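*Asks:*
Residue numbers (mature numbering (1 follows the signal peptide of the UniProt record, and there is no 0)): -22 to -1, 1 to 338.
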């Protein structure tokens, strides 16, 4: 079952977009077309389970490399310390311009490509961005037991109350490769909704309650309480299972498909993981990139049904639905480029500067 945009919009506006108030306005940049290249040998992005243990460890090594290398694009901002922070800050900076709008999918397609490029060019990663097909786990009602959360080869598991009264370190992920990294952008559970940057641990609050009040007043519900009693359940698997994806894919035009995907399965997983993952600085959460890899994969598969969908782009440029979107629009990327990329250059994963496909 998928939620309509109207009730969900209130929740996402507060959680994902609302914390951006007071941030630097995205740069006003000139538009420029990307140089077209021929894609004759696309690389293959594989599902996380298709990687060997050594390949998983190599991916984590490269991510930690980006989480320790000094910032490049936003080094003038005190809380932006690392290259990974560059990505988190950019996502936060432009969040209200690329969520709940038509540009949501092409923006994140480019965002993921930039992340993959940084892993390879700056940290010696020889693979390509792996995705997490969470429908496999959702169909089994086993998202909390997914191998993605493995403490050795995965991303670590759920957060736990620490007994530490220090703000930012009250509820932390205790295991996995990112357990001991201090994040500097944003806050954390239970104070992540505050528009303030506080040093904090990586935080997750697996839950099946985040949508509980959406049909009412849009408040967060029980998961805002620091308590070991938060109900994990199956992490709202019914919003991300094969039936949910069939409902999304039933839409035959881009505008309806994008809205259903963004406000249904995409938002569902962000909310089921909660904490860092549910804010505009969600790239703090390493699994953000595997999640969005699957979102991009679902869009790609929808496009492959009919070649005309490679140019099917419609909807709204703004969340207030006042300006229609066209394929000739551009979208912001903060300081990553000295121009705003064109939507049309990121519609096809095997055209322009993109050259990849998904294994399944």
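Ideal Cβ positions, reconstructed from N, Cα and C, are used throughout, including at glycine.
These figures come from a predicted structure and were not determined experimentally.
Does chain D have any CB closer than 9 Å to the CB of residue 283?
*Replies:* You won't find chain D in this structure, because it holds only one protein chain.
*Asks:* Using the Cα positions of residue -17 and residue 298, report the straight-line distance between them to the nearest angstrom.
*Replies:* Reliability fails at residue -17, whose pLDDT of 41 lies under 50, so the model's placement of it is uncertain and the value that follows must be treated cautiously. Each residue's alpha carbon lies about 11 Å from the other.
*Asks:* Give the DSSP-derived three-state secondary structure of residue 259 in the structure shown.
*Replies:* coil
*Asks:* Between 176, 166, 35, 175, which lies nearest to residue 182 when the distance is taken from Cα to Cα?
*Replies:* 166
*Asks:* Can you check whether the CB of residue 333 is closer than 9 Å to the CB of residue 20?
*Replies:* Closer than 9 Å, so yes.
*Asks:* If you run the structure through DSSP and keep just helix, strand and coil, what is residue 139?
*Replies:* It is a strand residue.
*Asks:* Check whether the Cβ atoms of residue 47 and residue 60 sit closer than 9 Å, and answer yes or no.
*Replies:* In this structure, residue 60 lies closer than 9 Å to residue 47 by Cβ.
*Asks:* Measure the Cβ-Cβ separation of residue 311 and residue 89 and say whether it is below 9 Å.
*Replies:* yes
*Asks:* With DSSP as the reference, identify every bridge partner of residue 320, one or two as the case may be.
*Replies:* Beta-bridge partners assigned by DSSP to residue 320: 308.
*Asks:* Could you tell me the distance, in whole angstroms, from the CA atom of residue 157 to the CA atom of residue 267?
*Replies:* 17 Å
*Asks:* So, is residue 274 buried or exposed, given that buried needs 16 or more other C-beta atoms within 10 angstroms?
*Replies:* The residue in question, residue 274, is buried, as its Cβ has 16 or more Cβ neighbours within 10 Å.
*Asks:* Decide if residue 228 is buried, meaning its Cβ has at least 16 other Cβ atoms within 10 Å, or exposed.
*Replies:* exposed
*Asks:* Would you say the stretch 132 to 146 touches the stretch 230 to 246, given that touching needs at least three Cβ pairs under 8 Å?
*Replies:* no
*Asks:* Among 112, 253, 103, 226, which has the Cα closest to the Cα of residue 138?
*Replies:* 253
*Asks:* In the DSSP assignment, find the alpha helix (DSSP H) that holds residue 76 and state where it starts and stops.
*Replies:* 73 to 76
*Asks:* On the DSSP letters alone, give me the boundaries of the alpha helix (DSSP H) that residue 291 sits inside.
*Replies:* Run containing residue 291: none; DSSP gives neither H nor E here.
*Asks:* If you measure between the beta carbons of residue 127 and residue 269, is that distance less than 9 Å?
*Replies:* no
*Asks:* Alpha carbon to alpha carbon, how far is residue 317 from residue 208?
*Replies:* 45 Å
*Asks:* Distance, Cα to Cα, residue 225 vs residue 282?
*Replies:* 17 Å
*Asks:* Label residue 102 either buried or exposed according to how many other C-beta atoms from any shown protein chain fall within 10 Å of its C-beta, with 16 as the threshold for buried.
*Replies:* Exposed, since its Cβ has fewer than 16 Cβ neighbours within 10 Å.
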